[in-house]
Amino acid sequence: MLKSYALTDIGRRRQLNQDYIYCSESPVGNLPNLFIVADGMGGHKAGDYASDLAVETVVGEAAASFEKSPEKILNHAIARANEILRRRASEDYSLNGMGTTLVAATCVGRYLEVANVGDSRLYVIGEEIVQITEDHSLVEEMVRMGGIGREEARNHPDKNIITRAVGARDDVEVDFFNLELQTGDMVLLCSDGLTNMVDDETICRILRNGKSLRDRVEELVETANANGGRDNISVIVIEPLADEDSYEKSYENAPE
């Protein structure tokens, strides 16, 4: 059976938490489960409003959808969230320019379906850590074009400039990923408040340290804060095949 744990934290520097997370191991409409991390942007309180509204809209649309395909469900739900954010911003000057990143995932048996807009990330952690989503950011585009290296990108002054967001334009372009999970794999959804403060190798080490799922998630957040906590930190960790992993280990250790 699938297991998960989620945590969001204001960090050490911010006065407001503009991240918003959603974690449901139970079905949401025709989705067997649903996990979302959103990182809002905008003026005073507009960012937290944007992330909250976007996530609640996606959840509501997914719950009401008659579609069977996770990709179609999430694509429609995110498009609807984009439409609502655009309308609200046009009606209220204080919300002008608001938007949010959004990464969502659902586990369908051994398969993982992912939707992404912005630079919040999804990783799969097996023997090593693999970033599945691609950041929609100016710096990531520079990396892809060979203008700067990956290490230079981590501390680039334009790192926070994103090129896609829910609510930024009239039409939103969503990336989709589908992959088969292996027994023992973990799935991590997170905002850049984690990845800007903690490198991938340390994230992998913490998630594979054998502690309880809750302890590992809390350690990720504590490490991000210990390294500066410059932004809000949101983390969801999923063990999609947790019981299967336990069964295989007990079978391997059984007496001959």
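Just so we're aligned, residue 33 is where the sequence shown starts under my numbering, counting upward by one. Ideal Cβ placement from N, Cα and C applies to all residues, glycine included.
In the DSSP assignment, LYS35 forms a beta bridge with GLU271. Relative to PHE208, the option among HIS76, GLU233, LEU134 whose CA is nearest is LEU134. About 15 Å separates the beta carbons of ILE268 and GLU251, which is beyond the 8 Å limit, so they are not a contact pair. Taking the C-beta atoms as reference points, LEU63 is found no nearer than 8 Å to THR165.
Residue GLY74 holds the alpha-carbon nearest to the alpha-carbon of LEU127 among GLY74, THR89, ALA147. It is roughly 11 Å from the alpha-carbon of ALA113 to the alpha-carbon of ARG120. Within the same chain, ASN257, GLY260, GLY261, ARG262 come within 8 Å of ARG44 by CB-CB distance, once the 5 residues on both sides are set aside.
The alpha-carbon separation between ARG248 and ASP151 amounts to approximately 23 Å.
In the structure shown, ARG153 falls within a strand segment according to DSSP collapsed to helix, strand and coil. GLU233 sits exposed, since fewer than 16 C-beta atoms from the chains shown fall within 10 Å of its C-beta. Less than 8 Å separates the beta-carbon of ALA274 from that of LYS35.
In the structure shown, ASN210 falls within a strand segment according to DSSP collapsed to helix, strand and coil. Judged by DSSP secondary structure, TYR125 falls outside any alpha helix (DSSP H); it is assigned neither H nor E. In terms of Cβ geometry, TYR52 and VAL87 form a close pair [threshold 8 Å].
VAL162 and ALA78 have their C-alpha atoms spaced approximately 32 Å apart. According to DSSP, residue pairing for MET174 in a beta bridge does not occur.
When beta bridges are read from the DSSP output, ASN148 appears opposite VAL135, ASP207.
DSSP places ALA197 in no alpha helix (DSSP H); its state is neither H nor E.
Shown here, LEU226 sits in a helix according to DSSP, grouped into three states. DSSP places GLY72 in the strand class (E or B) of the three-state scheme.
For the pair ASN264 and ASN49, the CB atoms are nearer than the 8 Å cut-off.
Its Cα nearest to that of ASP80, the residue ASP41 stands out among GLU103, ASP41, ASP167. ILE164 carries a coil assignment under DSSP once its states are collapsed to helix, strand and coil. Our two residues, GLU173 and ARG153, have alpha carbons roughly 16 Å apart in a direct line. Shown here for LEU213: same chain residues with a beta carbon closer than 6 Å to its own, the five before and five after excluded, namely ARG142, LEU144, PRO272 in chain order. Counting along the chain, ILE238 sits inside the alpha helix (DSSP H) bounded by residues 232-239. Going by C-alpha positions, ILE235 is about 19 Å away from PHE67.
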